[in-house]
Amino acid sequence: MQTRLFLAAAGIFILASAAPVVAHHAFTSEFDGTKPVTLKGTVTKMEWINPHAWLHIDVKGPDGKVVAWMIEGGAPNALLRRGWNKNSIPPGTQVTVVGFRAKDGSNRANGREATLANGQKLFLGSSGTGAPADGRDPSEKK
Amino acid sequence: MRIRGFVSLAIATIVISACAPVAGGEKPAGTDGAGPATKWTPSRTPDGQPDIQGIWTNYTNTPFEVFDEKDQPGLYAGDPDGTGRGTGPGFINDSFERKLSKGRSLVVDPPNGRVPIMPWAEEKRNYRLGHIQDDWVNFTPWERCITRGVPGGLFPTGYGSGYQILQGPGYVAIVYEMIHEARMIPVDGRRHVGSGIRLWNGDSRGHWEGNTLVVDITNYNDKGNIATNAASQRVRSIPQSEDLHAVERFTRVDENTINYEVVVDDPKVFTAPWKLAMSLNREPQYQLFEYACHEGNLAVPNTLSAGRAKDKAAARAGTQ
């Protein structure tokens, strides 16, 4: 138990000390900084693909209908360096994601932050090339 | 099992925390690397080359160019609408607690720290960056996962600025973390390939001048960009012509530092040659990760689909 607590603390330390992720492509060509979105759902898979990782979640709407969303994150190597690994959010994990919607209106978003059920926050951001400042990127505090 | 996990994470914590402050402190203008030569002598590889092998990084807070009030950092970062926060001179790297150097500019010649770009090339860049949703040809080769170019592959970016240099008989090889490239530089005296052969990254031929590796690069195609990432500011998306000629110089000046310089001459694109200088910093504990860019590059179709959605919305507005 103590070890588990230490792991959590160490993980938070790594995440807190991480610097911003910078994207391979321009944020505003694909996503709309005026359309923030909060999605609460269940992880179906995490694609560790380059140049950007994609988190897939099922989101149940008010009508009970489940809609699949794709959330873009940073590059796998950048996420790994900021403390993510393949076990961070396995399928079935309940997660709340905040981000910005795709400009083409599809169910995709640029992820800023994923919050787990235990309150742990994971910075997803591929923000350096232009996502609006919203206080979630550690670099904004510098 | 838990203990093993504890040890692994503790090691990861130490490694991340210890990511070397290898290039610390403020440096005067134009000295991001390119320091004075020292009497330090590199060891030799078995075939007699000065040994420049190892893992190197070049994360830096030094801007690519000296900023000018007329610059449009939002546009260069792909944010012509100004809805994001852009980059520009305040660009912050994915530094992971490194203490980064900050000089005036990586461009050291001309002395004003500005790349002498011809107006037509700036207009072409502006069009491409402003119409990226219209056509895939407007993307930089990096966004298309083709290449960051040569010498552009060594221009610092926000993440993945790691390089491994390997040497074998007659060759120097550079493995770029970004984006999956392995560059072979013959140093056996062979000539450039024939003028009919045109390459995205040109044809590199190296030779040693004392302890300095000098690499001559010709035979470029006219499809690439001299720089591709937003940290390159105004030079991002500037085209290269078949007349591009670059000369790089790698000089290992101590155990932990390679002074790198490149002179870029492209008479169809620039009004004069220009020079960039920086240091490559040895970081043996840094791990180069795979960056198989093509495996999931959804940025291109998603950006184009955003453009088509914009077109439809404009068409609807026009018919109302």
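First to last, the sequence lines map onto chains A and B.
Count along the first sequence from 1, add 7, and you get the number used in our numbering.
Going by our numbering, the residue at position 59 of the second sequence is 41; the numbering climbs one at a time, nothing skipped.
C-beta atoms are modelled at their ideal positions from N, C-alpha and C, and glycine is treated no differently.
Residue i in three-state terms, based on DSSP
i      : result
B:L226 : coil
A:S36  : helix
A:P83  : helix
A:N117 : strand
B:E51  : coil
B:E277 : helix
A:K110 : coil
B:S177 : coil
A:G48  : strand
B:G140 : coil
A:T122 : strand
B:A259 : strand
B:V169 : coil
A:I131 : Residue identity differs from the one stated: residue 131 of chain A is Leu in this sequence, not Ile. Looking at A:L131 - three-state DSSP - the assignment turns out to be coil, as it is neither helix nor strand.
B:D293 : helix
A:L62  : strand
B:T44  : coil
B:N284 : helix
B:G306 : Residue 306 of chain B lies beyond the stretch modelled for chain B, which goes from -17 to 302, so this question has no answer here.
A:A75  : strand
A:T100 : coil
B:A164 : strand
B:A254 : coil
B:Y158 : strand
A:R88  : helix
B:Y58  : helix
Beta carbon of residue i nearer than 8 angstroms to that of residue j
i      : j      : result
A:A109 : A:E37  : yes
B:G278 : A:N92  : no
B:I179 : B:N201 : yes
B:I220 : B:V246 : no
B:T39  : B:E265 : yes
B:N211 : B:T139 : yes
B:V154 : B:I147 : yes
B:Y145 : B:V132 : no
B:V90  : B:K257 : yes
B:A291 : A:D111 : yes
B:N120 : B:L57  : no
Span separating the alpha-carbon of residue i from that of residue j
i      : j      : result
B:D170 : B:S186 : 12 angstroms
B:W22  : B:T44  : 26 angstroms
B:W190 : B:V282 : 41 angstroms
A:S113 : B:G142 : 30 angstroms
B:C275 : B:M166 : 20 angstroms
B:D117 : A:I78  : 24 angstroms
A:V104 : A:T45  : 6 angstroms
B:L286 : B:I114 : 8 angstroms
B:R26  : B:P32  : 5 angstroms
B:N241 : B:S87  : 15 angstroms
A:A116 : A:G106 : 6 angstroms
A:L123 : A:Q101 : 6 angstroms
A:S130 : A:R88  : It is Phe, not Ser, that sits at residue 130 of chain A in the sequence shown. If you take the alpha carbons of A:F130 and A:R88, they lie about 12 angstroms apart.
B:G150 : B:V97  : 35 angstroms
A:A82  : B:E105 : 31 angstroms
A:P27  : A:G132 : Any reading at A:P27 must be qualified, since the residue scores a pLDDT of 34, below 50, and its modelled position is unreliable; the value itself is stated next. Roughly 7 angstroms separates the two Cα atoms.
B:D225 : B:D248 : 6 angstroms
B:E163 : B:G289 : 30 angstroms
A:P97  : A:H63  : 11 angstroms
B:E159 : A:K67  : 39 angstroms
B:R172 : B:P28  : 20 angstroms
B:S177 : B:R234 : 32 angstroms
B:P168 : B:S214 : 28 angstroms
B:F232 : B:Q267 : 22 angstroms
A:G71  : A:T51  : 17 angstroms
B:A228 : B:A254 : 13 angstroms
B:I199 : B:G112 : 31 angstroms
Residue i CB to nearest heavy atom of the ligand MG below 7 angstroms
i     : result
A:K47 : Summarising the ligand content, the structure contains no ligands, and the ligand MG is consequently not present.
In chain order, which continuous runs of the beta strand (DSSP E) of length 3 or greater are located wholly inside the region 79 to 134 of chain B? 89 to 91
Just to confirm the assignment: which complete beta strand (DSSP E) runs, minimum length 3, are found wholly within the region 179 to 233 of chain B? 185 to 191 and 194 to 200
Short of 9 angstroms Cβ to Cβ, which residues in the region 29 to 54 of chain B face chain A? none
Interface residues of the region 96 to 123 of chain B facing chain A [CB-CB below 7 angstroms]: I114 and Q115
Contact set between the region 184 to 207 of chain B and chain A, restricted to residues whose Cβ is under 8 angstroms from the partner: none
Any C-beta of chain A within less than 7 angstroms: which residues of the region 155 to 188 of chain B qualify? none
Between the region 133 to 152 of chain B and chain A, which residues of the former have CB atoms less than 8 angstroms from a CB of the latter, in chain order? T139, G140, Y141 and G142
Report the residues of the region 209 to 232 of chain B with a CB closer than 7 angstroms to any CB of chain A, ordered along the chain. A212
Residues within the region 103 to 124 of chain A neighbouring chain B, beta-carbon criterion of under 8 angstroms: A109, K110, D111, G112, S113 and R115
Unbroken beta strand (DSSP E) runs of length 3 or more, entirely within the region 16 to 41 of chain B: which are they? 36 to 39
If you measure beta-carbon to beta-carbon, which residues of the region 60 to 87 of chain A are closer than 9 angstroms to chain B? A60, W61, M77, E79, G81, A82, P83, N84, A85 and L87
Going along the chain, which residues of the region 287 to 299 of chain B sit with their C-beta nearer than 9 angstroms to a C-beta in chain A? S287, A288, G289, R290, A291 and K292
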